[in-house]
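In the numbering used here, each residue carries its 1-based index in the sequence shown increased by 12. For every residue, glycine included, the Cβ atom is placed at its ideal position computed from N, Cα and C. This one's a predicted model, so the numbers in the text were calculated from it and none came from an experiment. Here the structure comes first, spelled out in structure tokens, and everything after it is commentary.
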Amino acid sequence: VHQRREESPQAADREAQQNLFPPLVNGIVVMLIGLTLIPVGMDYAAGGVAAADYGAPVNLLMAGVVFLVTLLLNRFGKGFLRHASLLVGVVTGYALAIALGRVDFSAVSDAGLLAAPRPLAFGLEFHVDAILLMAFIYVISAMETIGDISGTLAAVDRDATTQELRGGLVADGVMSGLAALFSAFPNTSYSQTVGLVNFTGVVSRHVTAISGVILVVFGLVPVVGAGFATIPAPVIGGGGLIMFSVIFASGAAILHRGVVLDQRNMIVLAVSLGLGLGIELRPDVLQSLPDWVGTFFGSGLITGGLSSLVLNAVLPVEANDPVEPA
13 VHQRREESPQ AADREAQQNL FPPLVNGIVV MLIGLTLIPV GMDYAAGGVA AADYGAPVNL
73 LMAGVVFLVT LLLNRFGKGF LRHASLLVGV VTGYALAIAL GRVDFSAVSD AGLLAAPRPL
133 AFGLEFHVDA ILLMAFIYVI SAMETIGDIS GTLAAVDRDA TTQELRGGLV ADGVMSGLAA
193 LFSAFPNTSY SQTVGLVNFT GVVSRHVTAI SGVILVVFGL VPVVGAGFAT IPAPVIGGGG
253 LIMFSVIFAS GAAILHRGVV LDQRNMIVLA VSLGLGLGIE LRPDVLQSLP DWVGTFFGSG
313 LITGGLSSLV LNAVLPVEAN DPVEPA
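Given below as structure tokens:
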């Protein structure tokens, strides 16, 4: 009896999760994350949006080398080379950039060796309007986090558990609070890592934990950050294009594994992707509306993700929803 009492709330949590964030919604959100990031990767590959030499052949050459080396090693490499294919690709592209004279090391020589964060450097104030705005933004961020967790677990061909989703959301909230105290930006899940995990197949929590410790140490050594900042945008873009495309494919894998694309689900998928991609490609469509509309719905991920949530909640699920013959 005691065991059943413990299992009952867990079963209720799982049911609530499946009702609000079923594989259909998770898959759409992950696909939208990939779709909204692919243009960013393309801009980086071309040299960066504000670059005077945007789209220059030398930029495309560097991005292309990273892209090809990463792809070839991932498909034909063995062991370490396969798992580290992106790292090897970026290092190769960086070496090429140095050889082409496209790397400026002046910032490295000016950077300090050690630095510590300054707690409450901007003071501590509470504004109701800002709190309400950030609360809404955190709801959207939570939706992205759920999508990222689901996309990551696509690498091991299973859905996220309620405990895993709750843990990811709690981690975002707690670490964002600590970040504010240490004068840093709020935290959220890093969508690009979804592509990295699915591309390399490395899903170990130990690897993630060790990487986190390394990043914390690097954050205290400005010269390391300055060194990473010297990596040219095309080198980042070459690897990013693969990662962002893999994120989209991970979302498709979630749909393929756990969703029957009947007429009802096809409508949810089509409308959500259409609205999300439409806003992402043509954000000016909202320019004549009040500013708050653009603030809340100016992102394709937000518009498409919310559309999938609402449509999945309101459209009835029919026992038999056959596709009528022409």
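Does the Cβ-Cβ distance between Val-236 and Val-78 come in under 7 angstroms? no
Less than 6 angstroms between C-beta atoms, sequence neighbours within five positions excluded: which residues of the same chain meet that for Gly-290? Closer than 6 angstroms at the Cβ level, and outside the excluded window around Gly-290, lies no residue.
Leaving out the 5 sequence neighbours to the left and right, which residues in its chain are closer than 7 angstroms to Leu-8 when beta-carbon positions are compared? Lying outside 13 to 338, the shown extent of the chain, residue 8 is not represented and no answer is given.
Whose C-beta lies closer than 7 angstroms to the C-beta of Leu-321 among residues of the same chain, with five residues either side of it excluded? Val-37
Whose C-alpha, out of Thr-205, Leu-301 and Phe-138, is nearest the C-alpha of Ile-254? Thr-205
Would you mind stating whether Ala-166 and Ala-265 have Cβ atoms separated by less than 7 angstroms? yes
In chain order, which continuous runs of the alpha helix (DSSP H) of length 4 or greater are located wholly inside the segment 267-311? Given a length threshold of 4 residues, each whole run of the alpha helix (DSSP H) inside the segment 267-311 is given here in chain order: 275-293 and 303-309.
Compare the C-alpha of Met-155 against each of Gly-270, Ala-172, Leu-313 and Leu-136 and name the closest. The candidate whose alpha carbon is nearest that of Met-155 is Leu-313.
Should Thr-315 and Gly-286 be called a contact, given that it needs their Cβ atoms to be closer than 7 angstroms? no
In chain order, what residues of the same chain have a beta carbon less than 8 angstroms from the beta carbon of Ala-147, not counting five sequence neighbours either side? none
Considering just the uninterrupted stretch of the alpha helix (DSSP H) at Tyr-106, what are its terminal residues? 97-111
Reducing DSSP to helix, strand and coil, say where Tyr-150 ends up. helix
Thinking C-alpha only, which one of Gly-213, Thr-242, Ile-40 and Gly-207 is nearest Ala-109? Ranking the options by Cα distance to Ala-109, first place goes to Thr-242.
Compare the C-alpha of Gly-249 against each of Arg-87, Val-140, Val-42 and Gly-101 and name the closest. Gly-101
Work out the CA separation of Ile-45 and Met-54 for me, nearest whole Å. 15 angstroms
Mind reading off the beta-carbon distance from Ile-279 to Leu-49? Whole number of angstroms is fine, and I expect it under 8 angstroms. Contact doesn't hold; Cβ gap of about 25 angstroms is too wide.
Taking 8 angstroms as the cut-off, does the segment 159-173 touch the segment 197-211 (at least 3 CB pairs, one atom from each stretch)? yes
Can you name the start and end residues of the alpha helix (DSSP H) that Pro-35 belongs to? 35-57
Kindly indicate which residue of Met-187, Gly-231 and Ile-152 has the alpha-carbon position closest to the one of Gln-123. Note on identity: in this sequence residue 123 is Ala, with Gln being the wrong assignment. Comparing Cα-Cα distances from Ala-123 to each of Met-187, Gly-231 and Ile-152, the minimum goes to Gly-231.
On the DSSP letters alone, give me the boundaries of the alpha helix (DSSP H) that Asp-122 sits inside. 118-122
Quick check on this structure: which residue in Leu-273, Val-61, Val-115 and Gly-251 has the alpha carbon closest to the alpha carbon of Leu-83? The shortest CA-to-CA distance from Leu-83 to any of Leu-273, Val-61, Val-115 and Gly-251 is the one to Gly-251.
Simplified DSSP state of Pro-337, which is helix, strand or coil: Low per-residue confidence applies at Pro-337: pLDDT is 46, beneath 50, and the placement is therefore not dependable enough to give any value.
Length of the line joining the Cα atoms of Asp-274 and Leu-281: In this structure, the straight-line span from the alpha carbon of Asp-274 to that of Leu-281 is close to 10 angstroms.
C-alpha gap between Pro-244 and Asp-65, whole angstroms: Straight through space, the alpha carbons of Asp-65 and Pro-244 are spaced by roughly 12 angstroms.
By DSSP, does Leu-323 sit in helix, in strand, or in coil? Here Leu-323 carries a helix assignment [DSSP, helix/strand/coil].
Which of the three DSSP states, helix, strand or coil, is assigned to Ser-329? Note on residue identity: the sequence assigns Val, not Ser, to residue 329. DSSP places Val-329 outside both helix and strand once states are collapsed to three, so it counts as coil.
At the level of alpha carbons, what is the spacing between Arg-276 and Asp-169? 24 angstroms
Specify, as a first and last residue, the run of the alpha helix (DSSP H) that Leu-126 falls within. Note, Leu-126: premise wrong, no alpha helix (DSSP H); not H, not E.
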